[in-house]
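> Heads up: the sequence shown begins at 1 in UniProt numbering, then just goes up one per residue. Quick one: this structure, given as structure tokens, is what I'll be asking you about.
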Amino acid sequence: MTSVLVVESPAKAKTIEKYLGSGFRVLASFGHVRDLPSKDGSVRPDQDFAMDWEADERGEKQVKAIALALKGADTLYLATDPDREGEAISWHVKDMLARKGALKGLTVHRITFNEITKRAVQHAVANPRQLDTPLIDAYLARRALDYLVGFTLSPVLWRKLPGSRSAGRVQSVALRLICEREAEIEVFKPREYWTVDAKFLTPAGAPFSARLTHLDGKRLDQFDLNDEAKALAAKAVVEAGAFSVANVEKKRTRRNPPAPFTTSTIQQEASRKLGFGAQRTMRVAQGLYEGVAIGGETVGLITYMRTDGVQMGREAILSIRDHVKGDYGPDYLPAQPREYTAKAKNAQEAHEAIRPTDVERTPEAVAHYLNDDQRRLYELVWKRAVASQMASAEIDQTAVEITEPGGSAALRATGSVIAFDGFLKLYREDTDDSDRPADDEHRTLPPMNAKDALRRTGAAADQHFTQPPPRFSEASLVKKMEELGIGRPSTYASILQVLQDREYVTLDAKRFVPQDRGRLVTAFLVSFFERYVDTGFTAALEEQLDTISDGRADWRAVMRAFWEEFSAAVDQTKDLKISDVIDVLDEELGPHFFPVRADGTDPRVCPSCSAGRLGLRLGRTGAFIGCSNYPECRYTRPLAVPGAEGEDQSGGFKVLGSDPVSGQEVTLRRGPYGLYVQLGEAGTDDKGKPVKPRRSSLSKGMDPDTLDLDRALALLSLPRIIGVDPETKEEISGGIGRFGPYIRAGSIFQSLEAGDDILALGMNRAMELLAKGRAKIRPLGLHPKDGVSVDVRKGRFGPYAQHGSTVANLPRGVEMESITLDEAVTLLAEKGKVLAPKKGAKGKKAPAKKAAPKAAAAPKPAKAAAVKAPATKKPAAKKPAAKKPAAKKPAAKKATAPDGKVV
1 MTSVLVVESP AKAKTIEKYL GSGFRVLASF GHVRDLPSKD GSVRPDQDFA
51 MDWEADERGE KQVKAIALAL KGADTLYLAT DPDREGEAIS WHVKDMLARK
101 GALKGLTVHR ITFNEITKRA VQHAVANPRQ LDTPLIDAYL ARRALDYLVG
151 FTLSPVLWRK LPGSRSAGRV QSVALRLICE REAEIEVFKP REYWTVDAKF
201 LTPAGAPFSA RLTHLDGKRL DQFDLNDEAK ALAAKAVVEA GAFSVANVEK
251 KRTRRNPPAP FTTSTIQQEA SRKLGFGAQR TMRVAQGLYE GVAIGGETVG
301 LITYMRTDGV QMGREAILSI RDHVKGDYGP DYLPAQPREY TAKAKNAQEA
351 HEAIRPTDVE RTPEAVAHYL NDDQRRLYEL VWKRAVASQM ASAEIDQTAV
401 EITEPGGSAA LRATGSVIAF DGFLKLYRED TDDSDRPADD EHRTLPPMNA
451 KDALRRTGAA ADQHFTQPPP RFSEASLVKK MEELGIGRPS TYASILQVLQ
501 DREYVTLDAK RFVPQDRGRL VTAFLVSFFE RYVDTGFTAA LEEQLDTISD
551 GRADWRAVMR AFWEEFSAAV DQTKDLKISD VIDVLDEELG PHFFPVRADG
601 TDPRVCPSCS AGRLGLRLGR TGAFIGCSNY PECRYTRPLA VPGAEGEDQS
651 GGFKVLGSDP VSGQEVTLRR GPYGLYVQLG EAGTDDKGKP VKPRRSSLSK
701 GMDPDTLDLD RALALLSLPR IIGVDPETKE EISGGIGRFG PYIRAGSIFQ
751 SLEAGDDILA LGMNRAMELL AKGRAKIRPL GLHPKDGVSV DVRKGRFGPY
801 AQHGSTVANL PRGVEMESIT LDEAVTLLAE KGKVLAPKKG AKGKKAPAKK
851 AAPKAAAAPK PAKAAAVKAP ATKKPAAKKP AAKKPAAKKP AAKKATAPDG
901 KVV
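Following this line, the structure appears as structure tokens:
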């Protein structure tokens, strides 16, 4: 008899099977095997939050493979990851196997291991347990919450705020943090302040500098010297005084090492030190956890990387201490092992911190087995874990008070020296750039004693301005979310990615910048669903979810309490008019879209009619700025162009200059299909009919930041004449169409290739491209009915035949080089479609059908029949596809929750 063990990853499966030997068959689930169908009704609050689960094709295939492997086996080990999601995957796998009847007569065990090493895996198999019911309940609650918030709130957004993408329980709160920080930056008013520093020499001639701290017996606050006149007056006092040392204060401080990494701290530190995004960090860490090939064996190098715990196992601590003593000496080893504790943490989800599985596998020893990302991250994990068990650093800090006899001024000099480096010998924790303190550990002061007379060698007054709060980086946002208790660190990477995928935010210089779409969504949610994007409410909900996984709360009771209030809040928006939403958002975001102008003019005055008031408007594709005098005035302006610096005071688009011919303004804008340049503004003609301004899209690869007026005017002049084909005498022109830049000669169109510039393309290159375009066309001859040429062409979706404006796709398996004129005529008659139907197009179909008898009398009917045969089989081939939705229905099943109820 054999045992079957199920893990999540196929890479992990191969390694573990080697550890366990021939008595085990190890299979992978490839992550989750089923999920809630992405349609409304998968979670039903009116049925006590019953849930439907659906397995995709991959999940069904993997469970089927596991069921097949269980035939003849006596034990099933569920060894998915040691966290809430891993527990849920084991529950799903077990439930699906039970429904297939594959568990009859089998013993089912749940095992977990924090590292993929032979010792850890064998120990787990020897110490199995049952599925953790409270942890599964916590998963069900989180999944139901996220589903209901998404599928209830997102449709409200779509209806009331067109152009929005989605809302999420944690996602929307993270977006709010980013938007509120940007609002703080926009309203920030810098304040001026000055500092006065003096340079001195000690009696022994050693130089140092000190800062003015007291003036006329009063301690200086930051803004006491708030202009140049006051600063220069203070400087003059310093230059006139005779100074001596009043007091020298020395003290020794200790700095303790930071704890080993958790999911959150590794994301923060990898962002600061390595420049890795959260997703990149977790992807690399996953590879290090699952293992790399070392000496012909796959070895897991780090412990499980989704953890809130900062503690390490006793065995690991002792091995690290031995390594520290051996490599750095007894002075670097503290007398007792260091024990770390985290803030409020869930017992069921608390695992070991992220550490190396074997401290003797130093970064240098394994470097040549790793790629660059793996090497750098492993070094970070290894050093952090080892440093956490090293001695504290000792720092001597010195402060010198300097005065003059009359008491008119006092200065202070500070410095520090590392007396013993301790853990700093191996590792220094980084801080976010914006909050980085001045590194004074090596700012030494020369020896001085009280009453030493000092010789002043210079003084300077320096101007400063207060700085706005910095935009969030990935590291600082993760830190903030963890501090507030929002979400779980294991989900942060995906949340930050969703915000970027939805185009709610962008990363600029590694800082999150909210886009107008994101600000609109945040303003809407804060205005109408404030409670559900409140950080305090979200954190409190996280605590309730933790009580579920602790076994101290019923998950359905928590859901009922949430849903009662949430559904009521949604119901209140049913009668909300879009005009009401616009009014609220216009007022809320007015300072952003219409900032105060330096010349004092009203930023909301319409530049087209001068009488209307600009305001926020909503269209089918989203928000834009429009004039209140619509339809008389049709002035519109898109929201700000992402990445386009130098926007005008109105904040809507980038002005490139004026057309020297018409005098109209040339602007760079963003529309629903991307960036484009525009000449002038929309308006009306003498008869009151709307007149659209001339526009041209930017082609792929054009950098909006470097686009100047000349190139914009060249784009607006497209299509341009490149030359004349010397053989066919056809004019060759170039332009930008729906599928990008192209050239045309007669009926031949050819897209440009990477590196080609439509504005600079010459005749030689145009002829090369046209040759490629003609190679995609094979003339077959003249149509027997009207004498118009029939061609076979290579299209984006395969070859097709064309006769005038009628086209027909070639049957599957028929090559464009083998089809004949007669076969093409038959195909066009039977399957032909008119490219650009006009009035009376329906009447044109009859002649096409009459051509069929002629084709039947063609000299080569056998080949024509060969062409027709695949075509006639197509409808039959499609019939099974129509049954696919029905085939999926049985997969969407109710499952039995650990509490015995149906979910």
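Backbone N, C-alpha and C define an ideal beta-carbon position, used for all residues, glycine too. Since the model is a prediction, treat every value here as computed from it, not as a measurement.
1. Thinking C-alpha only, which one of 186, 497, 789 is nearest residue 804?
2. Judging by CA-CA distance, which residue of 384, 189, 519 is the nearest neighbour of residue 273?
3. Determine the direct distance from the alpha carbon of residue 779 to that of residue 848, and round the result to whole angstroms.
4. Exposed or buried, which one is residue 95 when buried takes at least 16 other CB atoms within 10 Å?
5. Do you know how far the Cα of residue 131 is from the Cα of residue 109?
6. Taking 8 Å as the threshold, find out whether the segment 492-502 comes into contact with the segment 141-159 through three or more Cβ pairs.
7. Could you tell me whether the segment 353-365 touches the segment 286-306, where touching means 3 or more Cβ pairs closer than 8 Å?
8. According to DSSP, simplified to helix, strand and coil, what is residue 320?
9. Determine the direct distance from the alpha carbon of residue 729 to that of residue 757, and round the result to whole angstroms.
10. Which residues bound the beta strand (DSSP E) around residue 254?
11. Using the rule of at least 16 other Cβ atoms within 10 Å of the residue's Cβ for burial, across every protein chain shown, is residue 423 buried or exposed?
12. In its own chain, which residues sit with a C-beta less than 6 Å from the C-beta of residue 941, not counting the 5 before and 5 after it?
13. Rounded to a whole number of angstroms, what is the C-alpha to C-alpha distance between residue 97 and residue 63?
14. Measuring only the C-alpha atoms, how far is residue 403 from residue 192?
15. Can you name the start and end residues of the alpha helix (DSSP H) that residue 522 belongs to?
16. With three or more C-beta pairs closer than 8 Å as the rule, is the segment 458-469 touching the segment 477-484?
17. With respect to the alpha helix (DSSP H) encompassing residue 276, which residues constitute its N-terminal and C-terminal limits?
18. Could you tell me if residue 690 is buried or exposed, where buried requires 16 or more neighbouring beta carbons within 10 angstroms of its beta carbon?
19. Are there three or more Cβ pairs, one per stretch, closer than 8 Å when the segment 546-558 is compared with the segment 137-144?
20. Using 8 Å as the threshold, is the C-beta distance between residue 269 and residue 311 below it?
21. Along the beta strand (DSSP E) that carries residue 800, what are the first and last residues, could you check?
22. Between which two residues does the beta strand (DSSP E) containing residue 398 stretch?
23. Do residue 464 and residue 117 have their beta-carbon atoms positioned less than 8 Å apart in this structure?
24. Apart from the five residues just before and just after residue 633, which ones in its own chain have a Cβ nearer than 7 Å to its Cβ?
25. Where does residue 351 land, buried or exposed, given buried means 16+ other C-beta within 10 angstroms?
26. Using CA atoms only, rank isn't needed, just tell me which of 451, 486, 513 is closest to residue 473.
27. Given a cut-off of 8 Å, decide if residue 419 and residue 209 are closer than it, judged by their beta-carbon atoms.
28. In the structure shown, what three-state DSSP assignment does residue 447 receive?
29. On a CA-only basis, which of 595, 454, 281 is nearest residue 489? Give me that one, please.
30. Compute the Euclidean distance between the alpha carbons of residue 23 and residue 549, then round it to the nearest angstrom.
31. Buried or exposed for residue 591, going by 16 or more other Cβ atoms inside 10 Å?
32. Just the Cα atoms here: how many angstroms apart are residue 645 and residue 667?
33. Would the segment 11-23 count as touching the segment 48-62 if we require 3 or more Cβ pairs under 8 Å?
34. With C-beta atoms as the reference, is residue 31 less than 8 Å away from residue 89?
35. Count the other CB atoms within 10 Å of the CB of residue 596; is the residue buried (16 or more) or exposed (fewer)?
36. By a C-beta neighbour count over all protein chains shown, 10 Å radius and 16 as the cutoff for buried, is residue 524 buried or exposed?
Taking the structure as given:
1. Locating residue 804 in the sequence shown gives position 804, counting from the first residue. Nearest option by C-alpha distance: 789.
2. Counting from one through the sequence shown, the residue named residue 273 turns up at place 273. That would be 384, whose Cα lies nearest to the Cα of residue 273.
3. The residue you call residue 848 lines up with position 848 of the sequence shown. The residue you call residue 779 lines up with position 779 of the sequence shown. For residue 848, the predicted structure reports a pLDDT of 42, less than 50, and the residue's modelled location is therefore unreliable. A value from the coordinates is still provided. If I take the Cα positions, the gap works out to 20 Å.
4. For the purposes of this step, residue 95 is taken as the residue at position 95 of the sequence shown. With 16 or more other Cβ atoms within 10 Å, it is buried.
5. Within the sequence shown, the letter at position 109 stands for residue 109. Within the sequence shown, the letter at position 131 stands for residue 131. In this structure, the CA atom of residue 109 is about 8 Å from the CA atom of residue 131.
6. Verdict: no, contact absent.
7. The segment 353-365 makes contact with the segment 286-306; the number of CB pairs closer than 8 Å reaches 3 or more.
8. The residue labelled residue 320 in the question sits at position 320 within the sequence shown. Under the three-state reduction of DSSP output, residue 320 falls in the helix class.
9. By one-based count along the sequence shown, residue 757 stands at place 757. By one-based count along the sequence shown, residue 729 stands at place 729. Between residue 757 and residue 729, the C-alpha separation is close to 24 Å.
10. The count along the sequence shown starts at 1 and reaches residue 254 at position 254. In the DSSP assignment, residue 254 falls within the beta strand (DSSP E) that extends over 244-255.
11. Here residue 423 refers to the residue found at position 423 of the sequence shown. Classification for residue 423: buried.
12. Residue 941 lies beyond the residue range present for the chain, which begins at 1 and ends at 903; the question has no answer from this structure.
13. Stepping through the sequence shown from its first residue, residue 97 is reached at position 97. Stepping through the sequence shown from its first residue, residue 63 is reached at position 63. The straight-line gap from Cα to Cα measures roughly 7 Å.
14. Position 403 of the sequence shown holds residue 403. Position 192 of the sequence shown holds residue 192. Approximately 27 Å between the Cα atoms of the pair.
15. Mapped onto the sequence shown, residue 522 falls at position 522. It spans 516-528 - the alpha helix (DSSP H) in which residue 522 sits, taken as one unbroken run.
16. Two segments are said to touch when three or more pairs of C-beta atoms, one from each, lie closer than 8 Å; by this definition the segment 477-484 does not touch the segment 458-469.
17. Here the question's residue 276 lines up with position 276 in the sequence shown. Careful: residue 276 lies outside any alpha helix (DSSP H) and carries neither H nor E.
18. Translated into positions along the sequence shown, residue 690 becomes position 690. Classification of residue 690: exposed, given that the 10 Å Cβ count is below 16.
19. For the pair of segments examined, the segment 546-558 was found to touch the segment 137-144: the number of CB pairs separated by less than 8 Å reaches three.
20. Here residue 269 corresponds to residue number 269 of the sequence shown, with the count starting at 1. Here residue 311 corresponds to residue number 311 of the sequence shown, with the count starting at 1. Residue 311 is positioned such that its CB atom lies no closer than 8 Å to that of residue 269.
21. Locating residue 800 in the sequence shown gives position 800, where the first residue counts as 1. Per DSSP, residue 800 belongs to the beta strand (DSSP E) from 798-803.
22. Reading the sequence shown from its first residue, position 398 is the one you call residue 398. Counting along the chain, the beta strand (DSSP E) containing residue 398 begins and ends at 393-403.
23. Residue 117 sits at position 117 when you count from the first residue of the sequence shown. Residue 464 sits at position 464 when you count from the first residue of the sequence shown. Annotated as distal: residue 117 and residue 464, with beta-carbon spacing of 8 Å or more.
24. Taking the first residue of the sequence shown as position 1, residue 633 is located at position 633. Scanning its chain for C-beta atoms nearer than 7 Å, with the 5 sequence neighbours on each side dropped, one finds around residue 633 the residues 606, 608, 609, 612, 627, in chain order.
25. By 1-based counting over the sequence shown, the position of residue 351 is 351. Burial call: buried.
26. Locating residue 473 in the sequence shown gives position 473, where the first residue counts as 1. 513 is the residue among 451, 486, 513 whose C-alpha sits nearest the C-alpha of residue 473.
27. Taking the first residue of the sequence shown as 1, we reach residue 209 at position 209. Taking the first residue of the sequence shown as 1, we reach residue 419 at position 419. For the 8 Å CB-CB criterion, residue 209 and residue 419 do not form a contact.
28. Start at 1 with the first residue of the sequence shown, and residue 447 comes out as number 447. Note: residue 447 maps to coil in three-state DSSP.
29. Start at 1 with the first residue of the sequence shown, and residue 489 comes out as number 489. It is 281 whose Cα lies nearest to the Cα of residue 489.
30. Here residue 23 refers to the residue found at position 23 of the sequence shown. Here residue 549 refers to the residue found at position 549 of the sequence shown. Each residue's Cα considered, the two are about 34 Å apart.
31. Locating residue 591 in the sequence shown gives position 591, where the first residue counts as 1. Residue 591 is exposed by the Cβ-count criterion.
32. The residue you call residue 645 lines up with position 645 of the sequence shown. The residue you call residue 667 lines up with position 667 of the sequence shown. For residue 645, the predicted model reports a pLDDT of 36, less than 50, meaning its position is unreliable; a value from the coordinates is still stated below. Taking the CA atoms as reference points, residue 645 sits about 12 Å from residue 667.
33. They do not touch, by the three-pair rule.
34. Locating residue 31 in the sequence shown gives position 31, counting from the first residue. Locating residue 89 in the sequence shown gives position 89, counting from the first residue. For the pair residue 31 and residue 89, the CB atoms are nearer than the 8 Å cut-off.
35. Within the sequence shown, the letter at position 596 stands for residue 596. Taking a 10 Å sphere around the C-beta of residue 596, we find fewer than 16 other C-beta atoms and assign the residue as exposed.
36. Mapped onto the sequence shown, residue 524 falls at position 524. By the 10 Å Cβ count, residue 524 comes out buried.
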